[in-house]
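Q:
Number of protein chains: 2
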Amino acid sequence: MVSKSCKYAIRATVFIASKAKENIKVGVKEIAEEIEAPEAFTGKILQTLNKNKIVTSLKGPYGGFYSDEAQLDLPILEVVNAIDGLGVFTDCVFGLHQCSDDHPCPMHFEYVKTRSQMYTSFKNTTIRSLAENLNTGLAFLKNPE
Amino acid sequence: MVSKSCKYAIRATVFIASKAKENIKVGVKEIAEEIEAPEAFTGKILQTLNKNKIVTSLKGPYGGFYSDEAQLDLPILEVVNAIDGLGVFTDCVFGLHQCSDDHPCPMHFEYVKTRSQMYTSFKNTTIRSLAENLNTGLAFLKNPE
DNA sequence: TTCACAAAAGATAAATCTATCTTTTAAGTA
DNA sequence: TACTTAAAAGATAGATTTATCTTTTGTGAA
Ligand code: FES
Ligand code: FES
Chain G
0 MVSKSCKYAI RATVFIASKA KENIKVGVKE IAEEIEAPEA FTGKILQTLN KNKIVTSLKG
60 PYGGFYSDEA QLDLPILEVV NAIDGLGVFT DCVFGLHQCS DDHPCPMHFE YVKTRSQMYT
120 SFKNTTIRSL AENLNTGLAF LKNPE
Chain A
0 MVSKSCKYAI RATVFIASKA KENIKVGVKE IAEEIEAPEA FTGKILQTLN KNKIVTSLKG
60 PYGGFYSDEA QLDLPILEVV NAIDGLGVFT DCVFGLHQCS DDHPCPMHFE YVKTRSQMYT
120 SFKNTTIRSL AENLNTGLAF LKNPE
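Going down the list, the sequences are from chains G and A.
Numbers 0 to 144, taken from numbering that gives the first Met the number 0, label the letters of the first sequence in order.
Numbers 0 to 144, taken from numbering that gives the first Met the number 0, label the letters of the second sequence in order.
1. What residues from chain A crowd round Tyr161 (chain G), counting only those whose CB sits closer than 8 Å?
2. Grab the span of the alpha helix (DSSP H) containing Ser128 (chain G) for me, first residue to last.
3. I need the DSSP call for Leu57 (chain A), collapsed to helix, strand or coil.
4. Within 7 Å: the Cβ of Phe93 (chain A) and any heavy atom of ligand 2?
5. Out of curiosity, what's the CA-to-CA distance linking Ile44 (chain G) and Val25 (chain G)?
6. Which whole-angstrom value describes the C-beta separation of Ser66 (chain A) and Ile9 (chain A), a residue pair presumed to lie in contact below a C-beta threshold of 8 Å?
7. Within the 8 Å Cβ cut-off, does Arg127 (chain G) reach chain A?
8. Quick check on DSSP: helix, strand or coil for Phe40 (chain A)?
9. Alpha carbon to alpha carbon, how far is Leu71 (chain G) from His52 (chain G)? Give it in angstroms, no decimals.
10. Using a Cβ-Cβ cut-off of 8 Å, state whether Pro143 (chain A) counts as contacting chain G.
11. Quick one: which chain A residues come within Cβ less than 9 Å of Gln116 (chain G)?
12. Once DSSP output is grouped into helix, strand and coil, what is the label at Gly94 (chain A)?
13. Does the Cβ-Cβ distance between Ile82 (chain A) and Ser4 (chain A) come in under 8 Å?
14. Using three-state DSSP, classify Gly86 (chain G) as helix, strand or coil.
15. Going by beta carbon distance, what residues of the same chain come within less than 6 Å of Glu35 (chain A), once the five residues before and after it are set aside?
16. Determine, using beta-carbon pairs with one atom in the region 122 to 134 of chain A and one in the region 97 to 111 of chain G, whether at least three such pairs fall under 8 Å.
17. Please list the terminal residues of the continuous beta strand (DSSP E) segment that includes Phe14 (chain A).
18. Where does Phe64 (chain G) sit, in a helix, a strand or coil, going by DSSP?
19. Leaving out five residues on either side along the sequence, give the residues of the same chain with a beta carbon under 8 Å from the beta carbon of Gln97 (chain G).
20. Look at the alpha carbon of Gln46 (chain G) and the alpha carbon of Met117 (chain G), and state the distance between them as a whole number of angstroms.
21. Closer than 8 Å, CB to CB, is Ile75 (chain G) near chain A or not?
22. So which residues on chain G does Phe64 (chain A) lean against when the C-beta distance must stay under 8 Å?
23. Please report the Cβ distance between Thr41 (chain G) and Tyr7 (chain G), rounded to the nearest whole angstrom; I am assuming they are in contact, meaning their Cβ atoms lie under 8 Å.
24. In the DSSP output, what is Val27 (chain A) paired with across the bridge?
25. Consider the Cβ of Cys104 (chain G): report whether some Cβ of chain A lies at a distance smaller than 8 Å.
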C-alpha cells in the first residue's frame with residue numbers, strides 16, 4: 000500500500016506528535032530507536048517531512064523535531080503525500096495512464112469504491128488523533144518484545 | 000497499491016481471459032502489445048502466472064496462453080497473490096511486524112476497515128467478470144489514442 | 001565570540017524491482 | 001524423423017528504493 004519509507008515516516012510523525020503536549024523535542028537517534036529504523040535513513044525521512052512542513056526541526060543544542068499546533072491537525076494523508084505522493088489514492092489499478100469514468104479499465108467502477116474509502120479514511124484521520132491513541136496506551140509504535 | 004508488475008499481470012490475465020469464449024490462445028508478443036508492456040518482461044510475468052495456475056500455457060506452433068473454465072472463476076485476488084503476495088491485504092500500515100487487535104498500531108482499527116473492504120472487493124471480483132466488462136466494450140485495457 | 005550540539009545537505013553503496021537477451025525445452029506438422 | 005514454432009529457463013543489465021557515511025550549516029550556551 001505505502002512504501003517502507005512512508006511507514007517509517009508515519010511512525011516518526013506520530014511519535015513526534017505524541018510528545019507535543021509536553022513540549023518535548025526529540026532527536027533523530029531517539030526517533031530511529033522508537034520506530035526501529037536505521038538512524039541515517041530516519042534522518043533523511045525527517046528532512047523530507049520538515050521540508051513538507053509535516054514536522055518542524057531546530058538545529059543545535061536542545062534542538063530536535065517537534066510538531067506545532069497546526070501540524071497536529073494535519074491529516075495523515077499529508078504524510079503519505081510528502082513521501083510517496085498521492086498516487087495510491089488516484090492511480091488506476093490496471094495501470095492505465097489516466098483513471099476516469101469515461102475510459103474505465105475493467106475494474107474501475109469497483110476499484111474507485113475502495114480507493115475513495117481509503118482516501119476518506121486518510122483524509123479524516125489527523126496526526127493528533129493518532130498521537131492520542133498512542134498516549135492513552137491503547138496503541139503501540141514498537142513491535143512487541 | 001500493487002506493483003507495476005502486478006498491474007501488467009492483471010491486464011494480461013484479463014486480456015487472455017477475454018479470448019476464452021472464442022477458444023483463442025494468445026502469444027507473448029500480442030499480449031505485450033495489448034497491455035503496452037515490454038515483451039520479454041511480459042514473458043516473465045506470464046511464466047509466473049502459469050506456475051501459479053492463473054493462466055495455462057502451451058508451447059510450440061498454435062501454442063500460447065489461455066484460460067480454462069476454472070481459471071475464469073478465480074478471484075482477481077489470486078493474480079495479486081501470485082505476483083505481489085497478499086501483504087497489501089494483511090500488512091500493518093505503520094509497518095509493525097504483526098497486525099493484530101491485541102497489539103494495534105495507532106491507526107489499526109481505522110485501517111482494518113479500509114483493508115478488509117479492499118480484500119472483499121478483490122476476493123469477490125472474478126477474472127471472468129472483468130473479461131466480460133472488456134468484451135461488452137464498456138471497459139478498456141489500452142490507454143486512449 | 002567561541003564552542004559544542006544537532007539537523008541539513010551531498011556523495012556513495014547495497015538491495016530490490018524492472019527489463020533484456022540468450023539458450024533450452026516442449027509441441028505440432030510435414 | 002526433421003523442422004518450425006513458441007514458451008521456459010537462466011544469465012545479465014538498468015532503474016529505483018533503501019541505507020550509509022561525510023561534510024556543512026544553523027543554534028544555543030558559556
Ligand atoms: S481506470 Fe482503472 S481504476 Fe479507474
Ligand atoms: S497493527 Fe497496524 S494496521 Fe493493524
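C-beta: ideal position from N, C-alpha, C; glycine also.
A: A quick look at the data gives this:
1. No information on residue 161 (chain G) is available, as it lies outside the stretch 0 to 144 that chain G covers here.
2. 126 to 134
3. strand
4. yes
5. 15 Å
6. Incorrect: roughly 13 Å between the Cβ atoms, too far for contact.
7. no
8. helix
9. According to the sequence provided, residue 52 (chain G) is Lys. The question's His does not apply to it. Spanning the two alpha carbons is a distance of roughly 11 Å.
10. yes
11. Lys112, Thr113, Gln116, Met117
12. coil
13. yes
14. helix
15. none
16. yes
17. Per DSSP, Phe14 (chain A) belongs to no beta strand (DSSP E); it is in the alpha helix (DSSP H), 3 to 17.
18. strand
19. Cys91
20. 27 Å
21. yes
22. Within 8 Å Cβ-Cβ: nothing; Phe64 (chain A) doesn't reach chain G, min ~18 Å.
23. 6 Å
24. Beta-bridge pairing links Val27 (chain A) to no other residue.
25. yes
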